[in-house]
Amino acid sequence: LRVAVLASGRGSNLQALIAARDAGRLPVDFVLVGSDKASAGALQLARDAGIPTFTLDPKAYASRREFDFELLHRLDASGAQLLVLAGFMRIIDGEALRPWVGRIINIHPSLLPKYRGLHTHRRALEAGDAEHGASVHYVTAELDGGPVIAQARLAIQPGDDEHSLAERLLGHEHQLLPAVLQLIADGRLALSPPDGVALDGLP
Ligand code: GRF
5 LRVAVLASGR GSNLQALIAA RDAGRLPVDF VLVGSDKASA GALQLARDAG
55 IPTFTLDPKA YASRREFDFE LLHRLDASGA QLLVLAGFMR IIDGEALRPW
105 VGRIINIHPS LLPKYRGLHT HRRALEAGDA EHGASVHYVT AELDGGPVIA
155 QARLAIQPGD DEHSLAERLL GHEHQLLPAV LQLIADGRLA LSPPDGVALD
205 GLP
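For the sequence shown, the UniProt record's numbering gives the first residue as 5, with consecutive numbering after it.
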């Protein structure tokens, strides 16, 4: 399975994927790692692992749409069969996304459909939730709104703050994302658009 990854930040989820592959638990080929931030830790992790990387600076494009089309063009050219968003902090244009729907997944730090968007840990704490978690879902044009594939759950502890909760959840994310990729690589989870989902939310 040829996999491309997009990440904007430190890249600990990418690192977990690379570690799973290195441990022989994930029969995938990471063909490309892309970012919108040249300083992303994920890019350095990829380089260290010998994975080709690229950065696209959104400011160099006239519109979000032009950026997104170029981004997905690069990913197409890499021959990737699956695209993983691992902390990619941009919303991708629905039209640019269309050819990828069904083979693009994202990891989001909440128990979707709760808390789409940002500050999920804070929102779970403020709501007084007993549990929190992370979700891997198919990406559609609706932000954090595509069908959920799998979730990891944890109990919120009395002393938890945003930081402790995020840290503890991250450990679960690092199990969850490789586990979903393994399902796909083993052919136990289809990479075609789920019924009725392909055009959901797309213009
Ligand atoms: C993770 O919490 C992920 O769920 C969210 O962004 C964070 C990325 O962390 N989408 P990292 O860059 O993988 O360390």
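Every residue, glycine too, gets a C-beta built ideally from N, C-alpha and C.
Item                                                                                                          : Value
Under 8 Å between C-beta atoms of I108 and L101                                                               : yes
Own chain residues within Cβ distance below 6 Å of residue 208, not counting five before or after             : No information on residue 208 is available, as it lies outside the stretch 5 to 207 that the chain covers here.
Other residues of its chain near L147: CB distance less than 8 Å, five sequence neighbours each side excluded : I95, R120, G121
Whole-number beta carbon distance between G13 and F46, since they are thought to touch under 8 Å              : Strictly speaking, residue 46 in this sequence is Ala, with Phe absent from that position. With a Cβ gap of about 7 Å, A46 and G13 count as contacting.
A159 beta carbon less than 8 Å from that of A134                                                              : yes
Near the ligand GRF: G13 beta-carbon under 7 Å from a heavy atom                                              : yes
Three-state class that DSSP yields for R14 in the structure shown                                             : coil
6 Å Cβ shell around H125 - same chain, five flanking residues per side excluded                               : E166, L169, A170
Cβ neighbours of F71 in the same chain (closer than 7 Å, five flanking residues each side left out)           : L60, P62, Y65
Any non-hydrogen atom of the ligand GRF within 7 Å of I111 CB                                                 : yes
Backbone secondary structure at Q85 - three-state DSSP                                                        : coil
Counted within 10 angstroms of its Cβ, other Cβ atoms place I22 as buried (16 or more) or exposed             : buried
Spatial distance of E177 from L36 (CA atoms)                                                                  : 21 Å
Proximity to A156 [Cα-Cα], best of Q179, L30, A20                                                             : Q179
Spatial distance of F58 from E74 (CA atoms)                                                                   : 12 Å
Simplified DSSP assignment, three categories, for F58                                                         : strand
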